[in-house]
Structure formats: structure tokens, C-alpha cells
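Engineer: Let me begin by handing over the structure; questions about it come next.
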Amino acid sequence: MPDKASLRIVLANPRGFCAGVDRAIEIVEKALEKYGAPVYVRHEIVHNKFVVDRLRDMGAVFVDELDAVPDGVPVIFSAHGVPKSVPEAAETRKLEYLDATCPLVSKVHRGAERHFADGKHILLIGHAGHPEVIGTMGQLPVGSMTLIETEEDAENLEVENPENLAFVTQTTLSLDDTAKIIEILQRRFPAISVPKKEDICYATTNRQHAVKLIAEKADAILVLGAPNSSNSNRLVEVAKREGCTRSVLVERAHDIDWNKLDGISTLGITAGASAPEILVEEVIDACRERYDVTVETITLTDENVTFKLPRQLAS
């Protein structure tokens, strides 16, 4: 049997679960302990099939809308946040609900509400159709907020009162792309109100900076994450922009196209904020079957953020 080729793996740190994802998953687990199965969850609690399937096996039932939740059982709102109409509908039906919205998403909601109370029209930088964007736009009356997706949107935007604008952003965007959009908005509308603290969350920021570090060293990068995960897709884009053009998103080890890794000597691996570490380990094990592997971790920073559970579960 021929000797295995050598492969150096460089792991990005931080990678994988953030505090908001940890909290959301723990809310489902503790709700199952407290109430027993089934516990209903509106939308995927986080964007990761492995996580969702595991919780489903434990007794969580995932539904698209509240009308699929029967009376008398608890319902959990996903980490991405929900429009105000959703908890209002739950209260009308007297459903007990647990809000797993990431506190950093809730911070964006409160910021938008403050701007609205000040009479400003709000620009939301984000991706149409993403649950977080739907939830943020649903905090305020229709027409109070305009979605800006691209630099072109920012350049072409027409507003009634340029002196009376504010912006907020989705928490999982590309730092570099968002900075360009903000630059355009501030050039065109110098009076625009900015968030007191950047809306793109610490975990998105850290993972993008960390993937830049490994992109300098890697011939190819695997990003563990779901196709519908905004922050995971941004990691692929950032890695490619940093010059590592052989960067791809994979959900599991069995999704890897090994032919595309032919001839590489250094493989970078990272994971989006909703991808568990067990999937990273699975990929490393799959690499060991094919290569003589050495593993090195490149650390940008160590994260120690934690968020409190909802009062119903804080025992």
C-alpha cells in the first residue's frame, strides 16, 4: 500500500458555535426537560441540519408558522428573531413561548425602535428573505424601513428626507462589503445616524478575521456550515477574497469533493457560528483516512461570551 501524502490542516480559532447559538440550543434542550416532548419550534432554531435533526430526535417539532402549533404546548422562536406579530399571535392564543432570539439581534431591534421613535426612516443593510431581516423589518410598521442589499442599492437610493435617516445592519454580514455600503450611505447622506456600536456581531467579526489568517497559509479551505447560513457563506466569500480561491462550503465530511483537493499540502478548516465542533472533527477524521495529517490551530482570539437563558428556564 503506497504511503499516504502529507496534509497539514490549519484550524481557524474562533470557529463554530457562538454564544447566541449555544443559548438557542440550550433553550430547546431545557424546554424539553421542563415540559417534556413535544416542544414546538418556529423555524429552524439555528441554520444547521445536524443540530436540527438532533433536537428533532429529542422531541422538538419544527414548524414554519405559528398556526401549525397546537394549543396548550410551548413554542420557541428561533435565534434569528421574529416579527412582532409572532409573539402577539402567541399571546392571543395564550401559548407559552420562549424567545431564543440572539441578544445581539434583539439589540438591533431595539436600535431600530429608538430611531423610529426619533422620527427617522431606517435603512436596513441585509439580505432579502433571511429570517433575521424578516424579523428586524417586522419590528416596525410597514414602510418604516428600507432594505439595502448592495452598493448599487446604496448609490441609487432615493429618500424623501435625507436629513432624517438612520441605518442598522443584519448581524451576520461580510464586514468588508458592509463597510463599503456604509461608506456610500455616509457620503450620500452625511446626516445619517449610525449605530452606537457596530451591529455585525462579535462572532461573525471574529470568524471572518480568523479565516483571513488561515487563508494566507492554506491551498484550500473547507467551511463547515449550512447552505442557508448567512455567516457561513460569508466565510467562503472572505476566504476567496483573501486569495484562497479553492474555498468551499460543506455540510458534512461526506459532502467533500476530494478531487478538488488534489495536490494540496495545506488545508484550512473553519466552521460557521451554527456548526458544531463534532462536524469539524468528522472532517479531520475523513482527512486522516486519506492523508498523513498534522493539525495546527491558528488563534485570533479566545471567546468567552455567554448569554442568560429566558426567565422561564433560568433555574
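Residue 289 in full-length UniProt numbering is what sits at position 289 of the sequence shown, and the numbering runs on without skipping anything.
All C-beta atoms in this analysis are idealised placements derived from N, C-alpha and C, irrespective of residue type, glycine included.
Here the structure is a predicted model, which means the values were calculated and not measured.
Following the continuous alpha helix (DSSP H) through S230, name the residue where it begins and the one where it ends.
Structural biologist: Residue numbering aside, residue 230 sits at position 230 when the sequence shown is read from its first letter. Note, S230: alpha helix (DSSP H), 230-241.
Engineer: What did DSSP end up calling G111 once you bin it into helix, strand or coil?
Structural biologist: Numbered from its first residue, the sequence shown carries residue 111 at position 111. Correct three-state label for G111: helix.
Engineer: In angstroms, rounded to a whole number, what distance separates the CA positions of E113 and W258?
Structural biologist: Sequence index remark: in the sequence shown, residue 113 carries index 113 (1-based). Sequence index remark: in the sequence shown, residue 258 carries index 258 (1-based). The alpha-carbon atoms of E113 and W258 are separated by roughly 48 Å.
Engineer: Going by C-alpha distance, which of S78, Y35, A286 is nearest A24?
Structural biologist: Locating residue 24 in the sequence shown gives position 24, where the first residue counts as 1. Checked all of S78, Y35, A286; the closest Cα to A24 is S78.
Engineer: My guess is that T169 and I200 are in contact by the Cβ rule of under 8 Å, so how many angstroms apart are they, rounded?
Structural biologist: Locating residue 169 in the sequence shown gives position 169, where the first residue counts as 1. Locating residue 200 in the sequence shown gives position 200, where the first residue counts as 1. Going by Cβ atoms, the distance from T169 to I200 rounds to 6 Å, so yes, they are a contact pair.
Engineer: Where does R8 sit, in a helix, a strand or coil, going by DSSP?
Structural biologist: Position 8 of the sequence shown, counted from the start, is the residue given in the question as residue 8. Three-state result, R8: strand.
Engineer: Per the contact definition of three or more C-beta pairs closer than 8 Å, is the region 261-280 in contact with the region 7-22?
Structural biologist: They touch, by the three-pair rule.
Engineer: Apart from the five residues on each side of it in sequence, which residues of its chain come closer than 6 Å, Cβ to Cβ, to E282?
Structural biologist: On the sequence shown, position 282 is the one that residue 282 refers to. Hits under 6 Å: A253.
Engineer: Hey, would you say G243 sits closer than 8 Å to A215, going by beta carbons?
Structural biologist: One-based indexing of the sequence shown puts residue 243 at position 243. One-based indexing of the sequence shown puts residue 215 at position 215. Yes.
Engineer: How long is the line joining the alpha carbons of N246 and Y97, rounded to whole angstroms?
Structural biologist: In the sequence shown, residue 246 corresponds to position 246, counting from 1. In the sequence shown, residue 97 corresponds to position 97, counting from 1. The residue you asked about is not Asn; residue 246 is Arg in the sequence shown. Looking at the two C-alpha atoms, the distance is approximately 43 Å.
Engineer: Near T204, what residues of its chain come up, given a Cβ to Cβ distance below 6 Å and the 5 sequence neighbours on each side ignored?
Structural biologist: Counted from its first residue, the sequence shown places residue 204 at position 204. Answer for T204: T172, N231, listed in chain order.
Engineer: For the beta strand (DSSP E) that contains A271, what are its first and last residues?
Structural biologist: As a position in the sequence shown, residue 271 is number 271, starting the count at 1. Here the beta strand (DSSP E) through A271 covers 266-271.
Engineer: Quick one: what's L222 bridged to in DSSP?
Structural biologist: For the purposes of this step, residue 222 is taken as residue 222 along the sequence shown, with counting starting at 1. According to DSSP, L222 bridges with V248, I269.
Engineer: Could you pull the DSSP bridge partners for L165 from this structure?
Structural biologist: Taking the sequence shown and counting its residues from 1, the one referred to as residue 165 is at position 165. BP columns for L165 point to H121.
Engineer: Leaving out five residues before and five after Y35 in sequence, what residues of the same chain have Cβ atoms less than 7 Å from its Cβ?
Structural biologist: As a position in the sequence shown, residue 35 is number 35, starting the count at 1. Cβ within range, chain order: P74.
Engineer: Buried or exposed: V69, going by 16 or more other Cβ atoms within 10 Å of its Cβ?
Structural biologist: Along the sequence shown, read from residue 1 onward, the residue named residue 69 stands at position 69. Buried is the call here.
Engineer: Measuring straight from C-alpha to C-alpha, what distance separates Q208 and L235?
Structural biologist: What you label residue 208 is simply residue 208 of the sequence shown in a count that begins at 1. What you label residue 235 is simply residue 235 of the sequence shown in a count that begins at 1. Answer to the nearest angstrom: the Cα atoms are 6 Å apart.
Engineer: Compute the distance between the beta-carbons of A12 and I278, then report whether it is under 8 Å.
Structural biologist: As a position in the sequence shown, residue 12 is number 12, starting the count at 1. As a position in the sequence shown, residue 278 is number 278, starting the count at 1. No, Cβ-Cβ distance for A12 and I278 is not below 8 Å.
Engineer: For the alpha helix (DSSP H) containing I214, list its first residue and its last residue.
Structural biologist: For this step, residue 214 is matched to residue 214 along the sequence shown. From DSSP, the alpha helix (DSSP H) with I214 extends over 202-215.
Engineer: Let me check understanding here. Comparing Cα to Cα, which of F189, Q139, E132, A60 lies closest to H80?
Structural biologist: Translated into positions along the sequence shown, residue 80 becomes position 80. It is E132.
Engineer: Short check: CB of V41 to CB of L32, under 8 Å?
Structural biologist: Numbered from its first residue, the sequence shown carries residue 41 at position 41. Numbered from its first residue, the sequence shown carries residue 32 at position 32. Against a cut-off of 8 Å, the Cβ pair of L32 and V41 comes out as no contact.
Engineer: Looking only at DSSP bridge pairs, what is E296 linked to?
Structural biologist: Sequence index remark: in the sequence shown, residue 296 carries index 296 (1-based). Looking at the DSSP assignment, E296 forms a beta bridge with V10.
Engineer: Can you give me the C-alpha to C-alpha distance between S265 and D285, rounded to a whole angstrom?
Structural biologist: The residue labelled residue 265 in the question sits at position 265 within the sequence shown. The residue labelled residue 285 in the question sits at position 285 within the sequence shown. Using only the alpha carbons, I get a separation of about 17 Å.
Engineer: By the 10 Å Cβ neighbour count, where 16 or more other Cβ atoms means buried, how is N161 classified, buried or exposed?
Structural biologist: The count along the sequence shown starts at 1 and reaches residue 161 at position 161. Exposed.
Engineer: Could you tell me if T294 is buried or exposed, where buried requires 16 or more neighbouring beta carbons within 10 angstroms of its beta carbon?
Structural biologist: Position 294 of the sequence shown, counted from the start, is the residue given in the question as residue 294. That one is exposed.
Engineer: Which value, in whole angstroms, describes the spacing of the CA atoms of L213 and Y202?
Structural biologist: Mapped onto the sequence shown, residue 213 falls at position 213. Mapped onto the sequence shown, residue 202 falls at position 202. Taking the straight line joining both Cα atoms gives about 17 Å.
Engineer: What's the gap between the Cα of E198 and the Cα of R93?
Structural biologist: Numbered from its first residue, the sequence shown carries residue 198 at position 198. Numbered from its first residue, the sequence shown carries residue 93 at position 93. Cα-Cα distance, rounded: 37 Å.
Engineer: How big is the Cα-Cα spacing for P195 and G111?
Structural biologist: For the purposes of this step, residue 195 is taken as residue 195 along the sequence shown, with counting starting at 1. For the purposes of this step, residue 111 is taken as residue 111 along the sequence shown, with counting starting at 1. For P195 and G111, the distance between alpha carbons rounds to 7 Å.
Engineer: Looking only at its chain, what residues have a beta carbon closer than 7 Å to the beta carbon of V238, apart from the 5 residues adjacent to it on each side?
Structural biologist: Numbered from its first residue, the sequence shown carries residue 238 at position 238. Here the set comprises S174, Q208, V211, K212.
Engineer: To which residues of the same chain is P83 closer than 8 Å at the C-beta, ignoring the five residues directly before and after it?
Structural biologist: Counting from 1 along the sequence shown, the entry for residue 83 is found at position 83. I134, G135, M137, G138, Q139.
Engineer: Would you tell me roughly how many angstroms separate the C-alpha atoms of L222 and R241, rounded to the nearest one?
Structural biologist: Numbered from 1 along the sequence shown, position 222 holds the residue referred to as residue 222. Numbered from 1 along the sequence shown, position 241 holds the residue referred to as residue 241. Near 15 Å, if we compare the C-alpha coordinates of R241 and L222.
Engineer: If you draw a straight line from the C-alpha of V63 to the C-alpha of V105, how long is it?
Structural biologist: As a first step, residue 63 must be located in the sequence shown, where it is residue number 63. As a first step, residue 105 must be located in the sequence shown, where it is residue number 105. Taking the straight line from one Cα to the other gives about 21 Å.
Engineer: Would L185 and K120 qualify as a contact pair, given that the criterion is a beta-carbon distance under 8 Å?
Structural biologist: To locate residue 185, count along the sequence shown from 1; it is residue 185. To locate residue 120, count along the sequence shown from 1; it is residue 120. Against a cut-off of 8 Å, the Cβ pair of K120 and L185 comes out as no contact.
Engineer: How many Å lie between R8 and L261 at the Cα?
Structural biologist: Within the sequence shown, the letter at position 8 stands for residue 8. Within the sequence shown, the letter at position 261 stands for residue 261. Cα to Cα, R8 sits roughly 12 Å from L261.
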